[in-house]
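Undergrad: First residue of the sequence shown: 4, per the working numbering; consecutive thereafter. Take this structure, written in structure tokens, and hold onto it; I'll ask about it next.
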Amino acid sequence: ELKSRYPLLDLRLLARNRVFALSSLAAFVNYNSFFGMLFFFSLYLQVGRGLSVQQAGFFLALRSVVPALTAPLAARLCNAWNPGYVCAVGVALCGLGLTAAGFLQLDSPLSLMLGAQCLLGVGISLFALPNTTIILESAGPEHVGQASGLTGAVRTGGQLCNMVVITLTLSLFLGQEPVSIANIDGFMR
Numbered sequence: 004e005l006k007s008r009y010p011l012l013d014l015r016l017l018a019r020n021r022v023f024a025l026s027s028l029a030a031f032v033n034y035n036s037f038f039g040m041l042f043f044f045s046l047y048l049q050v051g052r053g054l055s056v057q058q059a060g061f062f063l064a065l066r067s068v069v070p071a072l073t074a075p076l077a078a079r080l081c082n083a084w085n086p087g088y089v090c091a092v093g094v095a096l097c098g099l100g101l102t103a104a105g106f107l108q109l110d111s112p113l114s115l116m117l118g119a120q121c122l123l124g125v126g127i128s129l130f131a132l133p134n135t136t137i138i139l140e141s142a143g144p145e146h147v148g149q150a151s152g153l154t155g156a157v158r159t160g161g162q163l164c165n166m167v168v169i170t171l172t173l174s175l176f177l178g179q180e181p182v183s184i185a186n187i188d189g190f191m192r
């Protein structure tokens, strides 16, 4: 890539552009941290709480609806304030959502899980748009296509890494057994 006249990804962009590199790293870390909660919430609702797939899906839809509803707010905040500050608020809200999810027990009120999802949803919305804006603007017009592609790859890579960690963790606590009511306590650890 360094020797190519038209590289797929100009690696010098990552090496020389600190804002681009750190914003991309922030995206990787943030997507790595919260993506698996959808998987966790799905098993929590179906196995731990005994909801049907449809009922669980209804509760999980909140995770998509909240970011869709708050995206216009994120855009306005991004235009009015420094996008980095908006990203920081988004990361903080994601952290609060993950912390709330960490307190879930089988007998917890569903409102705790819904609140955690709302915090994650608003956090995702307040992080994603400003972060992408920072990445694309820092890359400059000549690299915006590469930056856009890398943004998608970083997001997917973070999500993939999160699922690998979850799979390994489940394997460690549950062995080869699927998550069931018999071993839900190991899952909830």
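The beta carbon of each residue, even a glycine, is placed where N, CA and C say it ideally should be.
What did DSSP end up calling Y88 once you bin it into helix, strand or coil?
TA: Y88: helix per DSSP, three-state reduction.
Undergrad: Considering just the uninterrupted stretch of the alpha helix (DSSP H) at F106, what are its terminal residues?
TA: Neither: F106 is in no alpha helix (DSSP H) and is coded neither H nor E.
Undergrad: Does the separation of the CB atoms of F263 and G161 fall below 7 angstroms?
TA: The requested residue 263 does not occur in the structure, where the chain is confined to residues 4 to 192.
Undergrad: DSSP three-state label for L11, please.
TA: It is coil, neither helix nor strand.
Undergrad: Just the C-alpha distance for N186 and L109, rounded to the nearest angstrom, thanks.
TA: So the alpha carbons of these two residues sit roughly 12 angstroms apart.
Undergrad: Just curious, the alpha helix (DSSP H) that I169 is in, first and last residue?
TA: Counting along the chain, the alpha helix (DSSP H) containing I169 begins and ends at 147-177.
Undergrad: Could you pull out every residue in the same chain whose Cβ sits closer than 8 angstroms to the Cβ of A95, ignoring the five residues on either side in sequence?
TA: Hits under 8 angstroms: G126.
Undergrad: Would you call the region 129-143 and the region 13-31 in contact, with 3 or more CB pairs under 8 angstroms?
TA: Because the criterion of three Cβ pairs below 8 angstroms is met, the region 129-143 and the region 13-31 touch.
Undergrad: Closest to A119 by C-alpha separation, out of L132, V56, T102, A59, would be which residue?
TA: The residue with the shortest Cα to Cα distance from A119 is T102.
Undergrad: Output the boundary residues of the alpha helix (DSSP H) element that contains E140.
TA: 113-142 is the extent of the alpha helix (DSSP H) around E140.
Undergrad: Excluding the five sequence neighbours on either side, which residues of its own chain have a C-beta within less than 8 angstroms of the C-beta of V32, listed in chain order?
TA: Excluding residues within five positions, the ones whose Cβ falls inside 8 angstroms are G161.
Undergrad: If you check the beta carbons only, do N35 and C164 fall under 7 angstroms apart?
TA: Contact flag set, yes.
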